[in-house]
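If you're matching them up, the sequences are chains A and B in order.
Every position in the first sequence, counted from 1, becomes a number in our numbering once 154 is added.
Every position in the second sequence, counted from 1, becomes a number in our numbering once 2 is added.
Ideal placement from N, C-alpha and C gives every residue a C-beta, glycine not left out.
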Amino acid sequence: MDQRWLISRRTVLRGLGATMALPLLESMGWAEPRAAKLPVRIGFMYMPDGVNQKEFWPSNPAAFPQLLPSSLEPLRPVLDQCLLLDGIDNVNRSPFNDAAHAIELSTWLTATLPDATRRDTISIAPSADQIAAEQLGQYTMLPSVELGTRANELTGIGQDGLNKRYYTTGNFRTATQPLPVMVSPAEVYKRLFATRGAVRKAGGPEIDAGQFAASSAPSDAPKGESLDRSMLDLVRESAADLQRRVSRDDQSQIDDYLDSVRQLEKRVAAVEQRRASVVKAAATPPVAASSVARSAPLEVKIPAGDIAWSEHVRVLGDLLVLAFQTDVTRVGTLITSMNQGIRYPELGQSEAHHELSHHGGDAAKLAAVAKIDRFNLEQFAYVAGRMKGLKEGPGSLLDNTILMWGSGLGDGDSHTHQRLPTILAGKGGGTVRVGRYAKAHGNQGDLLTAILARAGVKLPKPIGIGTKLLQELA
Amino acid sequence: MARSFHRSLGIALLIVSTASAQGTPEEARTRLSREFERDIVPILSRYCIACHGFSKPKSDLNLSLFRSGEAALSKPQVWKEAASRISSFEMPPKKEPTQPTPDERARVAAWVAGFRQLQPKDPGRGTIRRLSQVEYANTLADLLGADPKVADEIPRDEVGPGFNSSIPPLLMEKYLAVAEAALEDVIKPDQLKLKWTAGQLRGAVDGRFAGPGEVNASFIAPAEGSYAITIRAGSEKPPGKLAVRVNGESVGEARINAAPNTPGPTTITCKLLPGSAVLSVGSANPFLEPAPAGAKPAPRNMVLESIEIVGPPGAKPTAQQRRLFVAAPGKDLPPRDAARKILEPFARRAFRRPPRPAELDALLKVFELADHQGAMFTESVRLMLKAALVSPSFLYLTPDDGTANGADGAIVPLGDHQLASRLSYLFWSTMPDDELSALADAGKLRDPAVLAAQVRRLIADARSRALFQGFGAAWLGLDHIAELDIDEKKFPLMTKPMRRAMLEEASLLFDAILRGNRSILEFIDCDYTFANDTLARVYGLDVKDSKMVRVPLTDRNRGGILTLPGVLAVTSLPNRTSPVKRGRWVLEQVLGQTPPAPPADVPPLDKQDAGAAGKLNLRQKMERHRSNPACFGCHQTIDPIGFGLENFDVVGRWRDKDESGLPIDAKGELPGDIRFSGPAELKRIVLARKDEFCRNLVRRILAHTLCRSLSGYDEIVADEIADAVARDGYRFQTIWIQVATSYPFLNRRISR
C-alpha cells in the first residue's frame with residue numbers, strides 16, 4: 155500500500171526520465187453531484203494470437219485456485235480478485251475466413267463483424283468501451299483513453315479485401331471511426347495530467363506557468379484556453395455552414411470533424427477548470443479532505459529512450475491506473491500488443507509471437523506460447539495489483555473497477571473464435587463475484603453487455619451478437 | 003474473394019487488347035452473351051458438365067442451369083471463380099484424362115475478363131479526404147514557412163486505398179497544438195505591451211500600500227532587449243523610492259515625486275531576457291523620515307495607479323512575417339480592416355480556393371475575440387490564422403463549395419481548384435504553387451493542353467520526389483522498414499543507418515526511373531543502383547562515400563526491385579528468410595496477383611513424423627506444400643519464386659550456403675514447365691510477363707491516385723492506360739500523365 159505523501163504540491167515537468175507527482179486536488183472529486191457510490195471503472199487489456207489452451211484452462215476446475223494451470227501462476231497475488239470465465243465464444247468470422255487477425259482485435263470489443271459490403275473502409279460498430287465512454291465520459295475530463303505499445307495507423311487493404319486498420323484497432327468511436335492509441339508515456343502523461351502546456355522560452359528550459367499561478371492576479375492569468383474555446387465555437391459554426399453545401403458523402407466526413415471539435419472544446423474547458431483548481435489550491439489554505447478516504451496519487455516514472463516491451467506495458471498500465479484514480483477517465487483500453495510486429499526478445503525468443511502461435515502441435519512452440527501467455531499475465535497481474543494497492547473509500551480502486559484481460563482468438567494455430575481466454579479482475583463496485591473459475595454460458599457480446607451494465611451504462615440493446623447479460627459475473 | 007490469382011504462367015493472355023474495344027455497356031452485353039453461347043458452352047460441355055451438371059453436381063456447382071448468355075451474365079461471380087480455377091490448372095482436376103487446350107483455357111479467361119466492359123462510364127464516388135500527415139506537414143511549411151518537423155507528433159499515415167479519413171478527437175487536439183506551435187514559430191511575438199491597473203496588482207488593496215509593501219505581476223518577455231517600465235504612482239512625503247525587481251533581481255529604482263492623490267509617471271528602463279518573469283515593485287524607503295524622537299517610524303503611504311511595460315523596440319520582421327503581415331493597423335486603418343487585408347490572401351492559399359465572404363467574416367470574428375480582450379494586434383491575427391488552420395476547408399481535400407449543382411448520381415467535372423489541389427497533392431504532397439493556383443483562378447486548368455503541360459511540369463519539378471514517399475515506399479513494402487522486426491543479434495548489420503540506406507536506395511531508384519522517364523521494366527532489372535558505404539556491405543561492393551551514390555552493377559543477379567536489400571529484408575521473418583513471403587511479394591506487388599491466405603485447417607505437424615520433420619532443411623519442409631493438394635494450387639507458384647531468391651539472406655547479402663551449412667538450391671519450376679535457377683533467370687521470367695507488371699503498376703497508381711480500391715469502370719480505364727503505356731515504350735512518366743488526365747481523376751459522381 156502506497157503510504158508516501160507528496161512533498162510538493164506543484165506539478166513540475168522536468169522532461170523525460172522524471173517521476174511525475176500530482177497535486178492533491180480538492181477537485182479530484184467525482185463531478186456528478188452527490189454521487190451515491192463511487193464510480194465503477196472499466197478497463198480492457200488485449201493480447202493477440204490466443205493462448206496455449208492446455209496450460210491456461212484448469213484441468214480440474216474443482217481444485218481451482220489451489221491448483222493453478224502453469225500460465226496462470228503470475229496471477230497468484232491478485233487471484234482472489236479475479237474471475238476466470240471459460241466458454242466464451244465470439245462471432246464467427248465467416249465470410250472473412252482468410253483474415254483471422256483482422257477480425258480478432260476488431261471484434262473483441264464490438265462482438266460484430268465488419269460490414270462485408272464496405273470492407274475496404276472501416277464500417278463495423280461502436281465498441282463497448284466507446285458506448286460506455288459516451289455515458290460515463292460525461293463526468294470526466296476525457297471520455298476514454300486508448301493506449302498501446304505500437305502506433306496503430308495502417309493504410310491499405312489486407313486479406314479478404316478488409317481495410318488494414320481492422321488488424322490494429324479494437325476501439326471504434328462510431329461504426330466508421332477507428333481510434334488511434336497513444337504510445338509514448340510522456341505524451342500520455344502530458345495529455346492526461348499536465349495542467350497547461352509548458353511555457354516555451356527561446357533557448358531556455360521549459361517552465362510550467364503553473365509555478366507562477368500564485369503570484370498573478372486572476373485577471374492576469376493567461377486567457378489562452380478560453381480564447382481557444384470561443385475560437386473553436388466559431389470554427390464549428392463555420393464548418394456546419396460548409397457542411398450544408400457539400401454532397402452527402404462529404405457531409406458524414408464533416409460530421410466526424412464537428413464531433414471531434416466538440417470533444418476538443420470540452421477538453422479545453424476541462425483543462426481550464428483543472429488549472430483553475432491548481433491556482434485555487436495553491437492560493438487557499440488546505441481544506442479538510444473529502445469524505446472519501448483515498449491514497450495519494452500513484453507516482454509514475456516516465457522512462458526515457460527505448461524501453462523493453464514489458465516496461466512499456468507497465469508504465470502505460472500505471473498511467474491508466476493513475477487516470478482511473480484521479481478520475482481523468484473511467485474507461486480505458488491497453489492494447490499490449492497486436493498480431494503484427496510483436497516478438498519477445500526478453501524471453502529469449504527470436505521468432506515472432508504470430509509464428510510461434512502457429513504451433514501445429516509442435517511441443518517446443520507450444521512451450522514458447524505458454525511462456526508468452528505467462529509473461530503477459532504477469533503484466534496484467536501488475537496492473538491489477540497497482541489498483542489493489544490504492545485505497546478508495548472502504549476498499550481499493552480495484553474494488554471499483556472491472557479490468558478485463560483477454561484475446562480475440564482462442565488458439566492461434568486454428569484461429570478459433572471459440573473459448574476465448576477471458577479473465578476479469580476487480581469487483582466492479584460490488585457487482586462481480588471474484589476469486590473463482592466459472593463456466594460461462596454466453597458469448598462475447600453477452601459478456602460486454604454485462605460488464606457495461608455493471609458500470610451503470612444504460613444499453614438499449616445487447617452488444618453485437620449478445621442477446622442477454624452474462625450471468626456468471628455474479 | 004480472391005482476385006484471379008490462379009493465372010498460370012504458361013498461358014498467353016489476350017485480355018488486354020480486347021478490353022480496349024470500347025462499345026457501350028449494352029453492346030458489350032450482347033457481344034458477351036453471344037460469345038458465351040458460341041464459344042464457352044462447347045468448352046463446358048466437353049470438360050465440365052460431367053461433374054458440374056444436373057445430376058449430383060460437385061461442390062453444388064450446376065453449370066447446366068446457364069442455358070443462355072443472359073443467364074450466364076446474371077451470375078458473373080460464378081464465372082470469375084470458374085475461370086480462375088481453369089487458368090490455374092486446378093480444374094479440371096489433374097486426374098481427368100481430357101484436359102482443355104491452352105487456347106481453350108485462354109478463351110474462357112478472356113471471356114470473363116470482358117465482363118468489365120459491362121460497366122457504365124462512371125468516375126466513381128468522389129469524396130473528400132483529410133490531408134495525410136506528410137501532406138499536412140508540407141502544407142504548413144509552404145503556407146507559413148514553418149518547419150515541417152512541427153507536425154511530427156501527428157501519426158504517420160499514407161494516402162491510398164483504405165486510407166482512413168476520419169478525424170478522431172485525439173487527432174483534432176493535435177491539429178490544434180501543431181497549428182499553435184507552427185504559428186508561434188513564425189509569428190514570434192517580438193514586442194510586449196502590458197498594463198496593469200491598481201486593481202490587477204497583487205499585494206495591495208487598490209494599489210495602496212504603506213511601509214514595506216510590495217506589489218507584483220507576471221508576464222512573459224518575448225525577446226531579449228530593452229524594456230521600459232512606466233509606473234504611475236504617488237507618494238506621501240515625496241520622493242518615495244520604489245525598488246523595481248524582475249525575478250527577484252533589482253532593475254532600478256523609481257523616484258516618485260507626485261503626491262498620493264495626483265499620481266504621475268516615472269519610467270525606468272532595463273534589459274531583460276526572454277521568458278516568464280515576475281515584476282515586483284516595493285518601497286525602498288518605506289518609513290517617513292525623520293522618525294519622531296523615541297517613537298516608531300511611521301510608514302510612508304504609497305499609491306500605485308498603474309504599471310506598464312513595453313519593449314523591446316522594433317525587431318526586424320522575418321521574411322515569413324513580412325509575407326503574412328501585409329498590413330498593419332494605423333491611423334487610417336482600423337485593426338479589423340488591417341486584419342482583413344492579411345486574412346484574404348492567407349485564406350485563399352490556406353483553403354486552396356477563393357474563400358467565401360461568410361468564411362472571412364467568421365474568421366474576422368475570431369480576430370475580434372482576441373482584439374476586444376485587449377490583445378496585441380499580432381496576437382489577435384495569430385488566433386485568427388489558427389482558426390483557419392483547424393477549419394475543415396484547410397484540413398480536407400477539397401470540399402465542394404456548393405457550386406457543383408446536380409441531382410443525386412450526376413457526374414460532374416472537378417472544379418478548377420479541386421483539380422489543382424488533386425494535382426499538387428498527388429505529385430508533390432503539398433498545396434498548389436502560385437502557377438497552378440493562378441491557372442485555377444483563371445479557370446484555365448481543365449483545358450487539356452494546359453492540363454497536360456502542368457502535369458509534365460509537376461513531374462519534372464524536384465518536388466515530385468514526394469511520389470516515392472507517397473506511393474513507391476508503400477508499393478515496395480518499405481514504408482515501415484524503420485520499425486521492421488529483425489533479430490539484431492543474428493543480423494547486427496540491420497542497424498538504423500542501414501535501414502535508412504535501404505529506404506534511400508529504393509527512393510533514388512524510383513526517382514531515377516521517374517525523372518529519366520525510363521521504361522518501368524528497369525524496375526524489374528537494371529544495371530545500376532544507389533548505395534553508400536553502409537549499404538555497400540550488403541552488396542559486397544567497395545563504396546567509400548557516406549552519401550548515396552550511383553553504382554553500376556555487373557552481377558546479373560543484382561539490380562531491380564526483386565533484389566533490393568530493403569525488399570529482401572521486409573519479406574523475411576525476424577530470424578530467417580521466408581521463400582513464401584518473397585514469392586507472395588513478387589506475385590502481389592510485381593505481378594498484381596493476390597494469393598488467398600492458407601486454409602485454416604492446415605493439418606498440424608504432429609500428423610507427420612515429428613522426428614523426421616526436424617531433420618529437413620527449409621526447402622524440404624516446404625515440399626509438404628506440394629504433396630498436399632489443398633496447398634499445392636497456390637504454392638506451386640509461390641514457393642519456386644521464393645526459392646529463386648534464397649541466395650539472398652535476411653538483409654540481402656548473397657550466400658551460397660544456408661544457416662545449416664547446406665548449399666542453397668535456387669532452382670524452381672513454375673506451372674507450365676517453366677524451369678529456372680537463381681535470381682537472374684527469375685528476373686527474365688518476370689520480364690517476360692511485362693504486360694502483367696505494367697497493368698499491375700498502372701492499377702496500383704490509379705488506386706493510389708483515386709485513394710480507393712478500383713471497381714467497375716476504373717478497371718477499363720486501367721486497361722486503356724496500360725495499353726497506352728505499352729505503346730509508349732513502357733515509360734514511367736506516361737503512367738502518371740495518363741492517370742492525371744484520366745476520366746475518374748477529372749470527374750466525380752455526386753451523391754446528395
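Per-residue contacts from residue i into chain B (C-beta, under 8 Å)
| i | result |
| --- | --- |
| glycine 502/A | Chain B residues near glycine 502/A: none, gap ~10 Å exceeds 8 Å. |
| glycine 495/A | Glu485, Asp487 |
Cutoff 9 Å: residue i Cβ touching any chain B Cβ
| i | result |
| --- | --- |
| proline 280/A | no |
| leucine 510/A | no |
| leucine 396/A | yes |
| proline 451/A | no |
| methionine 201/A | no |
| glutamate 307/A | yes |
| aspartate 382/A | yes |
| arginine 421/A | yes |
Chain-ordered neighbours of residue i on chain B, where CB pairs are closer than 7 Å
| i | result |
| --- | --- |
| lysine 318/A | Gly164 |
| serine 392/A | Glu361, Ala364, Ser393 |
| isoleucine 153/A | Residue 153/A lies beyond the range of chain A shown here (155 to 628); nothing can be said about it. |
Residue i classed as buried or exposed, judged by whether at least 16 other C-beta atoms fall within 10 angstroms
| i | result |
| --- | --- |
| alanine 690/B | exposed |
| histidine 571/A | buried |
| serine 281/A | buried |
| leucine 371/B | buried |
| asparagine 263/B | exposed |
| histidine 374/B | exposed |
Within chain A, partners of residue i - CB distance below 7 Å
| i | result |
| --- | --- |
| valine 700/B | Near valine 700/B there are no residues of chain A at all, since even the closest Cβ is about 17 Å away, more than 7 Å. |
| alanine 389/B | Met385, Leu388, Val389 |
| lysine 367/B | Leu388 |
Short CB-CB distance (under 9 Å) between residue i and chain A
| i | result |
| --- | --- |
| alanine 297/B | no |
| aspartate 410/B | yes |
| aspartate 1/B | No statement about residue 1/B is possible, as the shown extent of chain B runs from 3 to 754 and does not include it. |
| proline 746/B | no |
| arginine 710/B | yes |
| arginine 733/B | no |
| serine 167/B | yes |
| proline 78/B | no |
| glutamine 591/B | no |
| lysine 617/B | Unreliable positioning characterises lysine 617/B in this predicted model, as indicated by a pLDDT of 49, which lies under 50. The coordinate reading is nonetheless provided below. False, the Cβ-Cβ gap to chain A never drops below 9 Å. |
Interface partners of residue i on chain A, CB under 8 Å
| i | result |
| --- | --- |
| leucine 575/B | Glu505, Ala506, Glu509 |
| methionine 174/B | Tyr411, Ser414, Val415, Gln417, Leu418 |
Anticipated Cβ contact below 8 Å, residue i with residue j, distance rounded
| i | j | result |
| --- | --- | --- |
| proline 292/B | serine 228/B | No, proline 292/B and serine 228/B are not in contact; Cβ-Cβ is about 38 Å, not under 8 Å. |
| leucine 237/A | alanine 592/A | 7 Å |
| aspartate 314/A | phenylalanine 250/A | 5 Å |
| asparagine 559/B | valine 545/B | Between valine 545/B and asparagine 559/B the Cβ distance is about 18 Å, and since that is not below 8 Å, they are no contact. |
| isoleucine 233/B | isoleucine 309/B | 5 Å |
| isoleucine 456/A | proline 268/A | That belief does not hold up - the Cβ atoms of isoleucine 456/A and proline 268/A are roughly 36 Å apart, past 8 Å. |
Check: If you measure beta-carbon to beta-carbon, which residues of the region 130-163 of chain B are closer than 8 Å to chain A?
Finding: Ile130, Arg131, Arg132, Glu155, Pro157, Arg158, Asp159, Glu160, Val161, Gly162, Pro163
Check: Listed in chain order, which residues of the region 396-417 of chain A have Cβ atoms closer than 7 Å to some Cβ of chain B?
Finding: Leu396, Arg399, Val400, Ser401, Arg402, Asp403, Asp404, Gln407, Ile408, Asp410, Tyr411, Ser414, Val415, Gln417
Checklist line | Contact list for the region 263-287 of chain A against chain B, Cβ threshold 8 Å | finding: Asp274, Thr275, Ile276
Notebook entry, point to check: What are the residues of the region 476-487 of chain A that lie near chain B, defined by any Cβ-Cβ distance shorter than 7 Å?
Noted result: none
Notebook entry, point to check: Any residues in the region 322-344 of chain A with a beta carbon nearer than 8 Å to a beta carbon of chain B? Which ones, in chain order?
Noted result: Arg327, Thr330, Gln331, Pro332, Leu333, Pro334, Met336, Glu341
Next item on the list: Would you list, in chain order, the members of the region 629-643 of chain B that have their beta-carbon closer than 9 Å to a beta-carbon of chain A?
Entry: none
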